[in-house]
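For what it's worth, the numbering used here labels the leading residue of the sequence shown as 205, then goes sequentially. Reviewing the structure listed below.
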Amino acid sequence: MDLDKINSYIENKIEENLNLDYKASGSLQRNDKKTNEISKDVSAFANSDGGIIIYGIKEDKINRHLPESVDPINRKEITKEWLEQIIQSKIRPRINGIKIHSVTVNEQLDEVIYVVEIPKSNTAHQANDRKYYKRFNFNSEPMYDYEIKDILNRTKSPIIDLELEITKRTYEVTKPNYGMPSFTIGDRGMFQKAEPTKEYKTNYTLRIWARNNGKVLANYLNAYINIPQEYLAEKEDVKDGIANIFMENTIRDVVDSTYIPTMNGGYASPKYGPSRYDPILPTRCLHLKDIKLNEKFQNSDKVLEWIVYSDNAEPRNGTTKISDIEIFDK
Numbered sequence: 205m206d207l208d209k210i211n212s213y214i215e216n217k218i219e220e221n222l223n224l225d226y227k228a229s230g231s232l233q234r235n236d237k238k239t240n241e242i243s244k245d246v247s248a249f250a251n252s253d254g255g256i257i258i259y260g261i262k263e264d265k266i267n268r269h270l271p272e273s274v275d276p277i278n279r280k281e282i283t284k285e286w287l288e289q290i291i292q293s294k295i296r297p298r299i300n301g302i303k304i305h306s307v308t309v310n311e312q313l314d315e316v317i318y319v320v321e322i323p324k325s326n327t328a329h330q331a332n333d334r335k336y337y338k339r340f341n342f343n344s345e346p347m348y349d350y351e352i353k354d355i356l357n358r359t360k361s362p363i364i365d366l367e368l369e370i371t372k373r374t375y376e377v378t379k380p381n382y383g384m385p386s387f388t389i390g391d392r393g394m395f396q397k398a399e400p401t402k403e404y405k406t407n408y409t410l411r412i413w414a415r416n417n418g419k420v421l422a423n424y425l426n427a428y429i430n431i432p433q434e435y436l437a438e439k440e441d442v443k444d445g446i447a448n449i450f451m452e453n454t455i456r457d458v459v460d461s462t463y464i465p466t467m468n469g470g471y472a473s474p475k476y477g478p479s480r481y482d483p484i485l486p487t488r489c490l491h492l493k494d495i496k497l498n499e500k501f502q503n504s505d506k507v508l509e510w511i512v513y514s515d516n517a518e519p520r521n522g523t524t525k526i527s528d529i530e531i532f533d534k
């Protein structure tokens with residue numbers, strides 16, 4: 205997030221919500237009351253659905269929860285490292301994956317805005333006052349016992365995310381000369397047969413992996429990814445220009461082989477058994493599918509949407525911007 209994005213929030217009057225909170229510069233002070241509030245607000249986001257806290261925006265006094273203006277923080281007085289240390293030391297257990305971005309407002313005056321990105325956690329986090337909080341009606345509110353238990357149950361389900369990469373393979377294609385052979389003049393001025401015309405072709409393959417970011421085994425997995433038809437190199441079922449491609453964590457084992465004789469000797473043809481589910485251990489990944497792409501995907505700013513269903517976990521949605529997918533030469 206940059207200053208232009210933050211200013212657009214103010215100009216467009218983007219209201220606070222479950223995943224967005226504005227805090228004036230005075231919210232960051234070196235006293236127990238303010239640091240306890242920081243732990244309360246950050247833990248509430250992690251215990252709910254995750255989100256962003258922007259420190260350095262003043263709210264409208266009349267229309268609460270609407271941004272009014274930039275209220276910058278002096279980064280010499282309140283450093284990014286200090287804020288990170290407060291968050292990590294005053295919340296138990298620590299929240300993994302928090303990112304703090306420093307957005308410069310005025311370089312000469314050392315004025316900044318701090319944007320804190322907080323992921324949805326898979327366990328309950330306690331603030332410094334020994335209470336558990338959630339996001340509710342723009343505020344951080346204490347949680348009921350059953351709500352804390354619901355959060356703790358998140359660890360009983362796998363957390364599956366899709367990881368995407370594109371492989372690029374360029375190879376030489378020899379174009380045959382049909383009809384009369386073509387000739388060229390050689391070094392000695394003599395006619396000689398021309399070499400076949402060489403061309404090069406590039407294939408692109410979207411490789412999709414499922415990674416288990418949870419703490420329990422993922423036994424069963426179904427997933428769908430939406431890809432614009434214009435980027436596909438092979439035919440797929442399409443609706444409204446989008447291919448909704450299905451994937452699952454099934455494999456087929458080789459159980460036998462059959463010898464196939466040929467003029468040049470022969471080869472063994474594998475015989476596969478029935479499909480079975482291949483579980484995914486925590487932190488491990490499994491290759492799900494390869495999808496052939498054409499070159500039109502290059503320089504695209506479109507986003508691929510996907511959804512994963514696994515065991516007794518809630519459906520997990522995600523998006524991946526095509527331009528962010530890493531391309532590897534094969």
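All C-beta atoms in this analysis are idealised placements derived from N, C-alpha and C, irrespective of residue type, glycine included. In this text, all values refer to a predicted model and were calculated from it rather than measured experimentally.
- Within the same chain, and ignoring the five residues on either side of residue 298 in sequence, the residues whose Cβ sits closer than 7 angstroms to its Cβ are 292.
- In terms of CA proximity to residue 470, 461 leads the group 461, 477, 478.
- In this structure the region 349 to 361 does not lie against the region 265 to 282, because fewer than three pairs of beta carbons, one per stretch, are closer than 8 angstroms.
- Apart from sequence neighbours up to five positions away, the residues of its chain that approach residue 472 with a beta-carbon distance below 8 angstroms are 461, 462, 463, 464, ordered along the chain.
- Listed in chain order, the alpha helix (DSSP H) elements of length 4 or more contained wholly in the region 226 to 256 are 236 to 251.
- A distance of 7 angstroms or more separates the beta carbons of residue 303 and residue 288.
- The bridge partners DSSP lists for residue 488 come to none.
- Where residue 513 is concerned, the enclosing beta strand (DSSP E) starts and stops at 507 to 514.
- With contact defined as three or more Cβ pairs closer than 8 angstroms, the region 504 to 521 and the region 342 to 354 are not in contact.
- Contact between the region 360 to 371 and the region 273 to 282 is absent, with fewer than three C-beta pairs closer than 8 angstroms.
- If you look at residue 463, you'll find it in the beta strand (DSSP E) that goes 454 to 466.
- The C-alpha of residue 497 lies about 7 angstroms from the C-alpha of residue 407.
- 7 angstroms or more divides the Cβ of residue 485 from the Cβ of residue 453.
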